[in-house]
Amino acid sequence: MATDRKSRYAKTPRVPWVRADGSDVDLIGLAPRPARPAVFARIATDTDRLDTLAARYYRDAEKLWRIADAAETLDPFDAIRPGAPIAIPPDK
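If you read the sequence shown in my numbering, its first letter stands for residue -5, the second for the next number, and so on.
Quick look at the structure:
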């Protein structure tokens, strides 16, 4: 499986897997979550999404994983709950 060299998964080890039909495939292994201390937090609204917050604070919607990594949950869709604080880490 090809991965863009700028992807956070570019250096993640591949895991061999055998499908039910017997064919082999390489899956991307789990990447460790980097520690991302927050610079500040904002209270989420019902219209907030990780990509729009990344575009606002980093000027790049594809940096949404920085915010997801700072959240306590692994699932980026669970990272935003209206009324809950959202940790915004530095852009580094």
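All C-beta atoms in this analysis are idealised placements derived from N, C-alpha and C, irrespective of residue type, glycine included.
Remember, predicted model here, so these are calculated numbers, not experimental data.
Among residues of its own chain, excluding the 5 on either side of residue i, which ones have a beta-carbon nearer than 6 Å to its beta-carbon?
{"i": "Leu58", "result": "Leu44, Asp45 and Ala48"}
{"i": "Ala87", "result": "Residue 87 lies beyond the range of the chain shown here (-5 to 86); nothing can be said about it."}
{"i": "Arg8", "result": "Asp20"}
Provide the residue(s) that pair with residue i in DSSP beta bridges, ordered along the chain.
{"i": "Arg36", "result": "Ile80"}
{"i": "Leu21", "result": "Val9"}
Using the beta-carbon count (16 or more within 10 Å), is residue i buried or exposed?
{"i": "Asp63", "result": "buried"}
Among the options, whose alpha-carbon lies nearest the alpha-carbon of residue i?
{"i": "Asp38", "options": "Ala14, Asp18, Pro26 and Asp72", "result": "The sequence given here has Ala at residue 38, not Asp. Measuring from the Cα of Ala38, the nearest candidate turns out to be Asp72."}
{"i": "Pro31", "options": "Glu66, Asp18, Gly77 and Pro70", "result": "Glu66"}
{"i": "Pro83", "options": "Arg36, Val19 and Pro26", "result": "Arg36"}
Suppose the cutoff is 7 Å on Cβ atoms and the five residues either side in sequence are ignored; what does the same chain contact list for residue i look like?
{"i": "Arg75", "result": "Ala38"}
With hydrogens ignored, establish whether the beta-carbon of residue i is closer than 7 Å to any heavy atom of the ligand GTP.
{"i": "Ala29", "result": "Summarising the ligand content, the structure contains no ligands, and the ligand GTP is consequently not present."}
Which whole-angstrom value describes the C-beta separation of residue i and residue j, a residue pair presumed to lie in contact below a C-beta threshold of 8 Å?
{"i": "Val12", "j": "Asp18", "result": "6 Å"}
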